[in-house]
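*Asks:*
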Amino acid sequence: MLSTQLLAPGQLEMRQVAVPEAGPGQVVIKVETALTCGTDLKTYRRGHPKFPFPFSLGHEYTGLIHQVGDGVSDFQVGQAVMGVHSAPCLTCRMCKRGFENLCESIVSRMALGAFAEYYLAPAEVVQQNLFLRPAHVSAQRAAFLEPLACVVQGQAQVPLQADDTVVVMGCGTIGLLHIMLAKERGAGRIIVSGRHRQRLELAVELGATDVIDVDQQDARQAVQRLTQGRGAELVIECVGRPEAWQEAHWHAGQGGFVLLFGGCPVESTATFDCTRIHYDQLTIKGVFHFTPTDVKQAYHYLCNTPLPVEKILSGSASLAQLPDVIQQLDRGQGIKYAIVP
Ligand SMILES: [Zn+2]
Ligand SMILES: [Zn+2]
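Rendered as structure tokens:
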């Protein structure tokens, strides 16, 4: 079968490899759609500390069950499924403390390889994080399960009350999903800061009430003006740069919450105004990955609510075109593509 292989940073090739075989508890899925993700681009540029070259990419997928391993009773060949690429061990110290997203072996359990004709889902994913895809859910929509689960986990860290003002910093896939989810959860005003007119227009289409083009305006002043100097109840940072982490707490009002969602480069540091954190009692939260509860919640949103996730897609391409698509994303063209093998 055709599969992506990342040979070195910036060197992505399509190669013929053997179709995977389902071991005990595993299933092989014939991929119908796999989505590109910011993580894929980051991995393409830098490699991945946990995966030695060459390795395959792709982790947002949906498809048809092609083969089931021994002991799999919940799925049958031919069924349409949607899933994520990891699941916690449930036995380590962090899992037992309720931090399944921080499972001590979660990173080594991540199974990449959805940019291929067939994808091998590990046994723990089959047990915890693989679901039947209802007929009314399109393949493109179903493939949003993983990024939406991350966003659900993020918003689970912070309170959001009806009519709250939320600032979302950044309008890539994650920022746009946060806008939709905050709207679905009843946020009153959603102020979005970002760049590129098209993305800001899309943010408005998806629920932003105000947008700040950071190339034209000072975001801090704009948020203060839009909130009559009060600041926001919730700030969600989705840029992943230390400057953005620092800026985020200036957008929060008294008693406000700041969710730092975007991952920054290794060893970066950020500084915060201590007086603000103390006298205005700000809560600053980090977040990573997702739990099976978040995946179930994301599945519910995709199957039972009109969350317009598909609008994020910039287009679709064949598997053979993937290296070109990744290069386009690397040049800043488009947000997210559906890869259809
Ligand atoms: Zn992803
Ligand atoms: Zn664990």
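Under my numbering, residues 53 to 393 are what the sequence shown spells out, in order.
Ideal Cβ placement from N, Cα and C applies to all residues, glycine included.
It should be emphasised that the depicted structure is a prediction, and the values quoted were computed from it without experimental measurement.
1) Flag this pair as touching only if the region 160-167 and the region 100-113 have three or more C-beta atom pairs under 8 Å; answer yes or no.
2) Taking DSSP as the reference, what is the three-state secondary structure of Val293?
3) Do the CB positions of Ile288 and Gly206 come within less than 8 Å of each other?
4) Who does Ala369 pair with in a DSSP beta bridge?
5) Could you give the uninterrupted runs of the alpha helix (DSSP H) lying entirely in the region 103-191, keeping only those of 4 residues or more?
6) Just the C-alpha distance for Gly283 and Ile81, rounded to the nearest angstrom, thanks.
7) In the DSSP output, what is His100 paired with across the bridge?
8) Is Met232 helix, strand or coil by DSSP?
9) Near Ala304, which residues of its chain fall below 7 Å by C-beta distance, leaving aside the five closest residues on each side in sequence?
10) Please state whether the Cβ-Cβ distance between Asn181 and Pro61 is less than 8 Å.
11) Under 7 Å: does the beta carbon of Thr395 sit that close to some heavy atom of ligand 2?
12) Taking the straight line between their C-alpha atoms, what separation do you get for Phe127 and Val120?
13) Using three-state DSSP, classify Glu253 as helix, strand or coil.
14) Applying the criterion that 16 or more other CB atoms from any shown protein chain within 10 Å of the CB defines a buried residue, is Phe59 buried or exposed?
15) Between which two residues does the beta strand (DSSP E) holding Glu362 run?
16) Determine the burial state of Asn153: buried for a count of at least 16 other Cβ atoms within 10 Å of its Cβ, exposed for fewer.
17) Does any CB atom of chain C fall closer than 8 Å to the CB of Arg249?
18) List the whole-angstrom C-beta distance separating Ala201 from Ala350, where the pair is believed to meet the contact cut-off of C-beta under 8 Å.
19) Report the CB separation of Ser368 from Val392 in whole angstroms; it is logged as a contact under 8 Å.
20) Under 7 Å from any heavy atom of ligand 2, does the C-beta of Glu156 make it?
21) Buried or exposed for Gly384, please, with buried defined as at least 16 other CB atoms from any protein chain shown within 10 angstroms of its CB.
22) In terms of residues, what are the limits of the alpha helix (DSSP H) holding Ala274?
23) Give every residue of the same chain whose Cβ lies closer than 6 Å to the Cβ of Glu84, excluding the five residues on either side of it in the sequence, and list them in chain order.
24) Can you tell me whether Val318 is buried or exposed? The criterion is at least 16 other CB atoms within 10 Å of its CB, across all chains shown.
25) Could you pull out every unbroken beta strand (DSSP E) segment of at least 3 residues lying fully inside the region 289-346, listed in chain order?
*Replies:* According to the data block:
1) The region 160-167 is in contact with the region 100-113.
2) Checking the displayed sequence, the identity of residue 293 turns out to be Arg instead of Val. Residue state, collapsed to three classes: coil.
3) Taking 8 Å as the Cβ cut-off, Ile288 and Gly206 qualify as a contacting pair.
4) DSSP output for Ala369 lists Ile391 as bridge partner(s).
5) Runs of the alpha helix (DSSP H) inside the region 103-191: 145-148, 175-180.
6) Taking the straight line from one Cα to the other gives about 47 Å.
7) DSSP output for His100 lists Phe103 as bridge partner(s).
8) Helix, per DSSP.
9) Taken in chain order, the residues that qualify are Gly283, Ala284, Val287, Val310, Leu334.
10) Contact: no.
11) Residue numbering for the chain in the displayed model covers 53 to 393; residue 395 lies beyond these limits and cannot be assessed.
12) Taking the straight line from one Cα to the other gives about 7 Å.
13) Glu253: helix per DSSP, three-state reduction.
14) Just to set this straight, residue 59 is Leu in the shown sequence, not Phe. Exposed.
15) Premise fails: Glu362 is in no beta strand (DSSP E) and is neither H nor E.
16) Taking all protein chains shown into account, Asn153 has 16 or more neighbouring C-beta atoms within 10 Å of its C-beta and is therefore buried.
17) In the displayed structure, chain C is absent; only one protein chain is listed.
18) Their Cβ separation, rounded to whole angstroms, is 4 Å, which keeps Ala201 and Ala350 in contact under 8 Å.
19) Contact between Ser368 and Val392 holds: their C-beta atoms lie close to 6 Å from each other, under 8 Å.
20) Yes, ligand 2 has a heavy atom inside 7 Å of this Cβ.
21) Label assigned to Gly384: exposed.
22) Segment 271-278, the alpha helix (DSSP H) holding Ala274.
23) Excluding positions up to five away in sequence, the list reads Thr114, Gly115, Ala191.
24) Val318 comes out exposed.
25) Counting only runs of 3 or more, we get 304-312, 335-338.
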